[in-house]
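Undergrad:
Numbering (the UniProt record's numbering), first residue to last: 1 to 72.
Laid out in structure tokens, this is it:
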């Protein structure tokens with residue numbers, strides 16, 4: 001029996017209108033792509049690496065106790 005390898009994907013932000021796997025994506029929308037799929041699209045400027053919102057990044061660092069629960 002042949003094992004299927006599951007390709008890992010990452011989330012990217014669409015910069016220019018994109019059609020991928022029979023779906024249309026508009027600028028600003030997130031899209032899941034494998035590293036291979038993203039390569040050329042990144043070079044063409046059609047997608048960019050998804051950046052975490054500043055709010056989310058702040059909540060992951062400061063004002064948290066050692067257990068990771070935000071302080072009040």
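Using N, Cα and C, we set each Cβ at its ideal position, and we do this for glycine too.
1. Check residue 32 in the structure and name its three-state DSSP category.
2. Rounded to the nearest angstrom, how far is the Cβ of residue 27 from that of residue 16, given a contact under 8 Å?
3. Do you know offhand how far residue 32's Cα is from residue 12's?
4. Quick one: Cα of residue 50 to Cα of residue 44, how far?
5. So who's on the other strand from residue 19, going by DSSP bridges?
TA: Concretely, from the data shown:
1. strand
2. 6 Å
3. 6 Å
4. Going by the C-alpha atoms only, they are around 16 Å apart.
5. 24
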